[in-house]
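Beneath this line is the structure, given in structure tokens, with notes to follow.
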Amino acid sequence: MPDDVRPLGLIVGTGYEYLGPLEIVHREIVPTPWGEPSSPLVTVRLEGCDIVLLARHGFGHTLLPHLVNYRANVWALAHVGVSRLVALASVGSLDPACRPGTLAVPEQIVDYTHGRPTTFHEEADGLGAHVDFTEPYDGELRRALLAVAAREGLEIATTGVYGVTQGPRLETAAEIARLRRDGCTLVGMTGMPEAALARELGLAYATCAMIVNWAAGMAPEPIHEGIAAHLERATGEAVRLIRAFLRSAS
Ligand code: HPA
């Protein structure tokens, strides 16, 4: 199937009501060799396009970031024919230029997670397991999202380094200072191994990061203060981006 007729996959956090009026076309529980995905796959029609939604934390937010079955999720989406995958993810900001309530499409990743199954390769198979991850995100998909964001006039960071931490606790101020020294501009808990698994299956993958707080030690106020309002604003912006992206594709 050519890529332009395959459905886009969209990984959301917990639900999809906030995407606005949409039509549910199909709902499917996809068994995988890696166990159960976090949620059924729900095909919805939005802005004239069919897209496949998966709720990373389960509908109802039952799965913490370190307990998500990333392999089952990515495998299930590939199995139903998704070839391009946009992942929504809440993050904190380490960059004074990236304000909570706005968006970012990161360009690079530093992975600080541990103990998560990170690959579909269980046995050595020559160079097969050593996928090229120099550019962890798909350049074309990133550029397409950013072009739409520019047309919509959205405040969005067009680059950035996503530091992926293990969670579920938030970081210490010293950990965030270290991430800054490493070049990270965003911090979240779900970007890996999701991105690497998508690469292993040949999916074009990009993250739309929703900035919901200043990372630990970056601002004087307590980290949870204002997070709900920032989340609401950033979610609204992400929905504008996704809907405009689908309109541009239909
Ligand atoms: N740290 C890690 N993950 C997050 C944060 C954070 O500050 N905000 C949202 N997800």
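Sequential numbering of the sequence shown, starting at 1499, is according to the working numbering.
We put the beta carbon where it would ideally sit given N, CA and C, even for glycine.
CA-CA distance, residue i and residue j?
i: G1715; j: R1679; result: 14 Å
i: I1527; j: P1718; result: 45 Å
i: F1631; j: R1697; result: 8 Å
i: E1650; j: L1552; result: 25 Å
i: R1543; j: A1702; result: 21 Å
i: R1504; j: Q1664; result: 33 Å
i: G1579; j: H1524; result: 14 Å
i: L1639; j: E1605; result: 11 Å
i: W1466; j: N1567; result: The structure shown does not extend to residue 1466, since the chain spans only 1499 to 1748, so no value can be given for it.
i: V1662; j: T1611; result: 6 Å
i: P1598; j: T1617; result: 32 Å
i: E1620; j: A1627; result: 9 Å
i: L1506; j: D1636; result: 14 Å
i: P1594; j: S1581; result: 35 Å
i: R1745; j: E1723; result: 35 Å
Please name the residue, chosen from the options, that lies closest to residue i on a Cα-to-Cα basis.
i: V1659; options: T1560, P1535, V1603 and L1562; result: V1603
i: L1562; options: R1582, I1709 and R1614; result: R1614
i: A1576; options: A1645, N1567 and V1550; result: V1550
i: T1541; options: S1748, E1521, G1556 and F1557; result: E1521
i: P1720; options: E1669, F1557 and A1647; result: E1669
i: L1652; options: M1708, P1594 and F1618; result: M1708
i: I1725; options: M1690, G1590, D1548 and H1559; result: G1590
i: L1517; options: A1747, M1690, A1732 and P1594; result: A1732
i: V1710; options: P1691, E1692, E1730 and G1700; result: E1730
i: L1565; options: D1623, H1728 and M1690; result: M1690
Spatial neighbours of residue i within its chain, please: CB distance less than 8 Å, with the 5 preceding and 5 following residues excluded, ordered by chain position.
i: L1643; result: V1584, V1603, A1704, C1706, L1739 and F1743
i: A1675; result: G1715
i: V1629; result: A1694, R1697 and E1698
i: V1737; result: Y1516, L1517 and G1518
Give every residue of the same chain whose Cβ lies closer than 6 Å to the Cβ of residue i, excluding the five residues on either side of it in the sequence, and list them in chain order.
i: A1671; result: A1714 and G1715
i: I1509; result: L1552, R1554 and A1585
With DSSP run on the structure shown, which of helix, strand or coil describes residue i?
i: Y1568; result: helix
i: A1732; result: helix
i: A1694; result: helix
i: V1510; result: strand
i: S1746; result: helix
i: A1627; result: coil
i: H1577; result: helix
i: R1741; result: helix
i: L1601; result: strand
With a threshold of 7 Å on Cβ separation, who are the neighbours of residue i within its own chain once the five nearest residues in sequence on each side are excluded?
i: R1592; result: Per the sequence shown, residue 1592 should be read as Leu rather than Arg. Excluding residues within five positions, the ones whose Cβ falls inside 7 Å are I1674, L1677, R1678, C1682, T1683, L1684, V1685, A1713 and M1716.
i: A1570; result: T1530, W1532, G1533, E1534 and P1535
i: T1656; result: V1603 and L1644
Kindly indicate the opening and closing residues of the beta strand (DSSP E) around residue i.
i: A1704; result: A1702 to W1712
i: L1552; result: C1547 to A1553
i: G1661; result: V1659 to V1662
i: A1671; result: Where A1671 is concerned, there is no enclosing beta strand (DSSP E), although the alpha helix (DSSP H) it sits in stretches over A1671 to R1679.
i: L1586; result: R1582 to S1591
i: H1524; result: E1521 to E1526
i: L1668; result: Neither: L1668 is in no beta strand (DSSP E) and is coded neither H nor E.
Does any C-beta atom of chain C lie closer than 8 Å to the C-beta of residue i?
i: G1626; result: Any reference to chain C falls outside this structure, which holds one protein chain only.
Along the chain, where does the alpha helix (DSSP H) containing residue i start, and where does it finish?
i: V1646; result: G1637 to E1650
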